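Undergrad: If you read the protein sequences in the order shown, they are chains H and G. Per this note's numbering, the very first residue in the first sequence carries number 529; after that it's consecutive. Per this note's numbering, the very first residue in the second sequence carries number 529; after that it's consecutive. C-beta: ideal position from N, C-alpha, C; glycine also. What you are looking at is a predicted structure, and each value in this text was computed from that prediction instead of being measured. Have a look at this one before I ask anything.
2 protein chains.
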Amino acid sequence: MRAVQKIIAGASEPKGAVERLFRLVELDLSAVNTLIVERMQSSVPLIPELAGHLIKSGGKRLRPMLTLAAARLTGYTGGAHIHLATAVEFIHTATLLHDDVVDESALRRGQAAAHMIWGNAPSVLVGDFLFARAFELMVEAESLRVLSILAHASAVIAEGEVMQLSSVRNLAISQDTYLKIVSAKTAALFAAAAEAGAVLVRGEPAGEQALHDYGRNLGIAFQLVDDALDYSGREAMMGKAVGDDFREGKLTLPVIVAFAKAQGNADETAFWQRTMAERHQSELDLTHAIHLIDKHQAIGATLARARHFADEACEALAMFPDSAMHRALVDLAEFCVSRAY
Amino acid sequence: MRAVQKIIAGASEPKGAVERLFRLVELDLSAVNTLIVERMQSSVPLIPELAGHLIKSGGKRLRPMLTLAAARLTGYTGGAHIHLATAVEFIHTATLLHDDVVDESALRRGQAAAHMIWGNAPSVLVGDFLFARAFELMVEAESLRVLSILAHASAVIAEGEVMQLSSVRNLAISQDTYLKIVSAKTAALFAAAAEAGAVLVRGEPAGEQALHDYGRNLGIAFQLVDDALDYSGREAMMGKAVGDDFREGKLTLPVIVAFAKAQGNADETAFWQRTMAERHQSELDLTHAIHLIDKHQAIGATLARARHFADEACEALAMFPDSAMHRALVDLAEFCVSRAY
Chain H
529 MRAVQKIIAG
539 ASEPKGAVER
549 LFRLVELDLS
559 AVNTLIVERM
569 QSSVPLIPEL
579 AGHLIKSGGK
589 RLRPMLTLAA
599 ARLTGYTGGA
609 HIHLATAVEF
619 IHTATLLHDD
629 VVDESALRRG
639 QAAAHMIWGN
649 APSVLVGDFL
659 FARAFELMVE
669 AESLRVLSIL
679 AHASAVIAEG
689 EVMQLSSVRN
699 LAISQDTYLK
709 IVSAKTAALF
719 AAAAEAGAVL
729 VRGEPAGEQA
739 LHDYGRNLGI
749 AFQLVDDALD
759 YSGREAMMGK
769 AVGDDFREGK
779 LTLPVIVAFA
789 KAQGNADETA
799 FWQRTMAERH
809 QSELDLTHAI
819 HLIDKHQAIG
829 ATLARARHFA
839 DEACEALAMF
849 PDSAMHRALV
859 DLAEFCVSRA
869 Y
Chain G
529 MRAVQKIIAG
539 ASEPKGAVER
549 LFRLVELDLS
559 AVNTLIVERM
569 QSSVPLIPEL
579 AGHLIKSGGK
589 RLRPMLTLAA
599 ARLTGYTGGA
609 HIHLATAVEF
619 IHTATLLHDD
629 VVDESALRRG
639 QAAAHMIWGN
649 APSVLVGDFL
659 FARAFELMVE
669 AESLRVLSIL
679 AHASAVIAEG
689 EVMQLSSVRN
699 LAISQDTYLK
709 IVSAKTAALF
719 AAAAEAGAVL
729 VRGEPAGEQA
739 LHDYGRNLGI
749 AFQLVDDALD
759 YSGREAMMGK
769 AVGDDFREGK
779 LTLPVIVAFA
789 KAQGNADETA
799 FWQRTMAERH
809 QSELDLTHAI
819 HLIDKHQAIG
829 ATLARARHFA
839 DEACEALAMF
849 PDSAMHRALV
859 DLAEFCVSRA
869 Y
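Pasting the structure below:
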């Protein structure tokens, strides 16, 4: 029980609309946290040690909350949504562990990334373990539909990551290609998390599609706002440093927009080539990058895109009657964008 | 179709008892090879490129053959075993991709390992992709039992790998602990592959257990013979160089036996400590290692263990009436050990 308390305490304090949603699923989420601790156990001590490091380090539990909320919104009254939400968080944790190895990121949620402490090998393997455990949890929910949705989403996530890897030094990538990557690597799990919660109750199939669309659009909006905040946010608000994406050479929408608008300007083009494609950066480059992004109003363009997807997310829920849960999900999409202003 | 032909051509020529089993499942295996090519496709070109490199490089397709054989042995007449066998091969391929990153192995099946060509990041991600695809294939077989068996096996495999990682420099590891590692990291997939094939037909549950036990014991025997061959085999027979395990500092049964028998002999103990625990090796060390393994009859001890597990594998099949498939599986277990003599 101690470990559970620590995990709950470790999770980030939910704010704004996230808190409203949190209150509505609080009891279920507490059951999820208990199950997380139970199922990350293993007779091999390094597994719960490494997994616990990441799981206890916070995180908003946004994806499992979507599963829980979708189950409630569609009138599900059983207990399988707890297993699904736990599976969703395990898949998310597994992808984070692998991502940090892939990106060679030093930090995750303001702490040393697991591979910096234990090395790449255990990070890869514990990710595999959590991924397998996620499928064991789904089997317990006894729904082939759910297994299909989350297996497919997992393949799409990996595809999105490889797509990103393949275009990492290509500044001329189109906005559409970038949105395709975000849709796969980030939004697919949001979509699957929400859809899976809606599948448990044998209701209108339209409810599943609506929640899939809500999750997908929310996920894209969420990522684009993160992209914008990385060049414009206050550090305290993000729990990570401004300029992380820049320093890691991560191509995101603000840079893609600024680079596209720099065509014909040899200095600007050369700056982005050097800092992002060739990864040769010096101390003052971040300031100059922010200046160019500002000059071309790339933050505004990114947030306008995010706003569009947040609106689509809200519209997807129009079929559901008014309820506290419905309003909390609409507010969440609004909040996702408004936190950037 | 071309790619399929190449894959079939690429697979190692089956020998001895493997060939007898191969002939009995040949048509099914050809369907599996077609499905492998179909399902490793992706709109992201790097995925089939990297996956294809490993899949085309040979391999005996032993695990999917077990699934196909088990399905036939238990009288299954449907088509879902093709999907399961493909899923089993995908899980195997995913673990190989991750293993090579974890072990930093330069070669796999006599070719450059994928991570040596494309780097660690795509190897990790394509492994994830194949793992997810495996679960998609299993969903198509519409059996929660099968999903449960292979999800559990996947978690056990990861546990076995982490267990091995945790004891990599511990020469004093007991034989029992080593067998526990082998049982998890290698034999769990053999067991699950055979059991999954037996689950498709709603028959005697004892058939499932028997095939699980057959696969598990065969898998352990298989690994122990590989361990022995690494210090005693002819290269042409193995498709890999003698001494690979030694050079990579992989603790296997011959070394564990030789180290245990060296107690009280300071020179020998120091030799193993230096070469295996500290990984300081010079040119002539392999010859001396083989000499010490020989002196303590560690190959004989390893093969005696392997023989025991092969016998257990055959005994597990005693419940099945005589048939060509039954005999091929018994012969396979026999062959597994006899190839070392």
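Distance, Cα to Cα, Val858 of chain H vs Ala832 of chain H?
TA: Between Val858 of chain H and Ala832 of chain H, the C-alpha separation is close to 18 angstroms.
Undergrad: Would you mind reading off the limits of the alpha helix (DSSP H) that contains Leu625 of chain H?
TA: Ala608 to Asp631 is the span of the alpha helix (DSSP H), which, as asked, contains Leu625 of chain H.
Undergrad: Name the chain G residues whose beta carbon is nearer than 8 angstroms to that of Leu693 of chain H?
TA: Those within 8 angstroms of Leu693 of chain H in chain G are Leu574, Ala649, Pro650 and Leu653.
Undergrad: Return the CA-CA distance between Phe657 of chain H and Glu687 of chain G, expressed in angstroms with no decimal places.
TA: 7 angstroms
Undergrad: Please classify Leu781 of chain H: does DSSP put it in a helix, a strand, or coil?
TA: helix
Undergrad: Measuring only the C-alpha atoms, how far is Glu689 of chain G from Tyr706 of chain G?
TA: Each residue's alpha carbon lies about 12 angstroms from the other.
Undergrad: Is the Cβ of Ala764 of chain H closer than 9 angstroms to any Cβ of chain G?
TA: Model confidence at Ala764 of chain H stands at a pLDDT of 47, short of 50, so the residue's coordinates are unreliable; what they give is reported in the following sentence. So, not an interface residue.
Undergrad: Can you pull the chain G neighbours of Val710 of chain H, defined as C-beta to C-beta under 9 angstroms?
TA: Per Cβ cutoff of 9 angstroms: no residues; Val710 of chain H is ~15 angstroms from chain G at best.
Undergrad: Check whether the segment 822-839 of chain H and the segment 724-734 of chain H are in contact - that is, three or more C-beta pairs closer than 8 angstroms.
TA: Short answer: they don't touch.
Undergrad: Can you give me the C-alpha to C-alpha distance between Glu862 of chain G and Leu625 of chain H, rounded to a whole angstrom?
TA: 42 angstroms
Undergrad: Determine, for Glu806 of chain G, whether the minimum Cβ-Cβ distance to residues of chain H falls below 9 angstroms.
TA: no
Undergrad: Would you mind stating whether Ala679 of chain G and Ala660 of chain H have Cβ atoms separated by less than 9 angstroms?
TA: yes
Undergrad: Thr605 of chain H: buried (16+ other C-beta within 10 angstroms of its C-beta) or exposed?
TA: exposed
Undergrad: Is Ala634 of chain H helix, strand or coil when you go by DSSP?
TA: coil
Undergrad: When you compare the segment 575-583 of chain G with the segment 693-705 of chain G, are there three or more beta-carbon pairs, one atom per stretch, that lie closer than 8 angstroms?
TA: no
Undergrad: Strictly by DSSP, which residues pair up with Ala640 of chain H?
TA: Its beta-bridge partners are H:Leu635.
Undergrad: Could you work out which residues of chain G lie near Ala615 of chain H, taking near to mean beta carbons separated by less than 9 angstroms?
TA: Correct list: empty, because the minimum Cβ distance to chain G is about 10 angstroms.
Undergrad: Buried or exposed: which applies to Gln751 of chain G, given that a residue is buried once 16 or more other Cβ atoms fall within 10 Å of its Cβ?
TA: buried
Undergrad: Applying the 10 Å Cβ sphere with the 16-neighbour rule, what's the burial state of Ser570 of chain H?
TA: buried
Undergrad: Kindly provide the ranges of any alpha helix (DSSP H) runs that are 4 or more residues long and lie completely inside the segment 716-751 of chain G, ordered along the chain.
TA: 716-727
Undergrad: Could you tell me the alpha carbon to alpha carbon distance between Ala738 of chain G and Gly655 of chain H, rounded to whole angstroms?
TA: If I take the Cα positions, the gap works out to 31 angstroms.
Undergrad: What residue range does the alpha helix (DSSP H) around Pro650 of chain G cover?
TA: Asn648 to Glu668
Undergrad: For the putative contact between Phe848 of chain G and Ala749 of chain G, defined by C-beta atoms under 8 angstroms, what is the C-beta separation to the nearest angstrom?
TA: Rounded to whole angstroms, the Cβ separation of Phe848 of chain G and Ala749 of chain G is 19 angstroms, and the two are not in contact under 8 angstroms.
Undergrad: In chain G, which residues lie less than 7 angstroms from Glu723 of chain H when you measure between Cβ atoms?
TA: In chain order: nothing, as chain G lies at least about 15 angstroms away.
Undergrad: So, for Ile610 of chain G: in the same chain, excluding its five sequence neighbours on each side, which residues have a beta-carbon less than 7 angstroms away from its beta-carbon?
TA: Answer for Ile610 of chain G: Asp556, Ala559, Val560 and Leu563, listed in chain order.
Undergrad: Which of helix, strand or coil does DSSP assign to Phe848 of chain H?
TA: coil
Undergrad: Between the Cα of Asp754 of chain H and the Cα atoms of H:Glu547, H:His620, H:Arg835 and H:Val696, which residue gives the shortest distance?
TA: H:Arg835
Undergrad: Residues of the segment 671-685 of chain G with a CB closer than 7 angstroms to any CB of chain H: list them in chain order, please.
TA: Leu672, Leu675, Ser676, Ala679, His680, Ser682 and Ala683
Undergrad: Do the CB positions of Met666 of chain G and Leu675 of chain H come within less than 9 angstroms of each other?
TA: yes
Undergrad: Out of H:Arg591, H:His854, H:Leu549 and H:Arg697, point me to the one whose CA is closest to Phe787 of chain H's CA.
TA: The candidate whose alpha carbon is nearest that of Phe787 of chain H is H:Arg697.
Undergrad: Starting from Tyr604 of chain H, trace the alpha helix (DSSP H) in both directions and tell me its first and last residue.
TA: Where Tyr604 of chain H is concerned, there is no enclosing alpha helix (DSSP H), because DSSP gives it neither an H nor an E.
Undergrad: Please classify Glu554 of chain H: is it buried, with 16 or more other beta-carbons within 10 angstroms of its beta-carbon, or exposed?
TA: exposed
Undergrad: For Asp628 of chain H, which residues of its own chain have a beta-carbon under 6 angstroms away from its beta-carbon, when the five flanking residues on both sides are left out?
TA: Correct list, in chain order: Arg636, Ala641 and His643.
Undergrad: In chain G, which residues lie less than 7 angstroms from Phe659 of chain H when you measure between Cβ atoms?
TA: Here the neighbours are Phe659.
Undergrad: For Leu746 of chain G, which residues of its own chain have a beta-carbon under 6 angstroms away from its beta-carbon, when the five flanking residues on both sides are left out?
TA: Correct list, in chain order: Phe718, Ala841 and Ala861.
Undergrad: Taking only beta-carbon positions, decide if Thr714 of chain G is within less than 9 angstroms of chain H.
TA: Chain H, which has no Cβ nearer than 9 angstroms to the Cβ of Thr714 of chain G, makes this no.
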